[in-house]
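Participant: Read the sequence shown against my numbering and you will find it ends at 293, with the numbers running on by one and no gaps.
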Amino acid sequence: MDDRSVPVVRFRPLTVDDFQMLASWFTDPVIARWWDQPADLDAVRATYLPRVEGRESTEMWVAEVDGVAAGLFQCYPHRDYNDHDAAVGIPDAVGVDYLVNADHRARGVGRQIIAAFARHALGRFPETAVCVATPAQDNQASWRALEHAGFAREGECQPPDEPIAFVYVLHRSTLDA
Numbered sequence: 117m118d119d120r121s122v123p124v125v126r127f128r129p130l131t132v133d134d135f136q137m138l139a140s141w142f143t144d145p146v147i148a149r150w151w152d153q154p155a156d157l158d159a160v161r162a163t164y165l166p167r168v169e170g171r172e173s174t175e176m177w178v179a180e181v182d183g184v185a186a187g188l189f190q191c192y193p194h195r196d197y198n199d200h201d202a203a204v205g206i207p208d209a210v211g212v213d214y215l216v217n218a219d220h221r222a223r224g225v226g227r228q229i230i231a232a233f234a235r236h237a238l239g240r241f242p243e244t245a246v247c248v249a250t251p252a253q254d255n256q257a258s259w260r261a262l263e264h265a266g267f268a269r270e271g272e273c274q275p276p277d278e279p280i281a282f283v284y285v286l287h288r289s290t291l292d293a
């Protein structure tokens with residue numbers, strides 16, 4: 117990708133054919149530290165097949181940059197996950213989580229993907245007022261990317277079974293302005 121050009125970012129639904137790619141991404145120490153997902157195909161299948169088949173409300177997406185798989189993104193209405201919703205404490209939210217693979221990290225493209233995905237998630241859940249991400253406080257690269265993508269830190273929380281996190285919010289009204 118030419119650094120002077122604007123990358124083309126698009127999202128496509130995660131498929132069963134992507135599971136091997138995910139398993140390989142989960143072996144990356146940077147991803148493994150924050151994503152907490154076993155890096156074997158059976159574990160990937162057990163976690164993501166119900167989502168791919170639509171049996172869970174979490175939607176899974178592969179981010180592509182200039183036609184190349186660059187990361188895994190998910191979005192979900194907070195109301196469907198009561199414990200997480202209560203921990204975050206922001207009503208009418210769509211939550212997002214993401215990982216960017218090694219080939220696309222530390223190049224400035226992560227913030228572009230995150231900003232595009234926030235718009236995508238809010239479009240998928242039009243009844244929500246805000247897009248929320250809760251990166252671990254120690255994950256400085258993630259929360260800096262959120263800030264560069266237009267999110268604002270609005271507090272901290274203790275999500276269930278996760279480290280203490282910052283709460284980053286992007287209000288729909290800022291996108292409509």
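Cβ atoms here follow ideal geometry from the backbone N, Cα and C, with glycine treated the same way. Predicted model, so just to flag it, every value in this text is computed and none were measured.
#1: Below 7 Å CB to CB, which residues in the same chain sit around R126 once its five sequence neighbours on both sides are set aside?
#2: Quick one: what's Q190 bridged to in DSSP?
#3: For the stretch 237 to 244 against the stretch 175 to 194, do three or more pairs of beta-carbon atoms, one drawn from each stretch, fall closer than 8 Å, so that the two count as touching?
#4: How would you label G224, buried or exposed, when you count the other beta carbons within 10 angstroms and need 16 or more for buried?
#5: Note the first and the last residue of the continuous alpha helix (DSSP H) segment covering E169.
#6: Just curious, the alpha helix (DSSP H) that H200 is in, first and last residue?
#7: By how many angstroms is the C-alpha of D201 removed from the C-alpha of D144?
#8: Taking DSSP's pairing of strands, which residues face P129 in a bridge?
#9: So, using beta-carbon positions, are R227 and W177 closer together than 8 Å?
#10: Please state whether DSSP places M117 in a helix, a strand or coil.
#11: Would you decide whether G170 is buried or exposed? Buried here means 16 or more other CB atoms lie within 10 Å of its CB.
#12: Write down every uninterrupted run of the beta strand (DSSP E) in the stretch 218 to 250 whose length is 3 residues or greater and which is fully enclosed by it, in chain order.
#13: Quick check on I147: buried or exposed, where buried means 16 or more other Cβ atoms within 10 Å of its Cβ?
#14: How big is the Cα-Cα spacing for A209 and A252?
#15: Hey, how far is the Cα of V160 from the Cα of P166?
#16: Work out the CA separation of Q274 and W151 for me, nearest whole Å.
Facilitator: In terms of the structure at hand:
#1: E180
#2: M176 and D213
#3: yes
#4: exposed
#5: Premise fails: E169 is in no alpha helix (DSSP H) and is neither H nor E.
#6: N198 to V204
#7: 29 Å
#8: W177
#9: no
#10: Interpretation of M117 is limited by its pLDDT of 44, a score under 50 that renders its predicted location unreliable; the figure taken from the coordinates is listed afterwards. In the structure shown, M117 sits in coil (DSSP, three-state: anything other than H, G, I, E or B).
#11: exposed
#12: 246 to 249
#13: buried
#14: 18 Å
#15: 11 Å
#16: 16 Å
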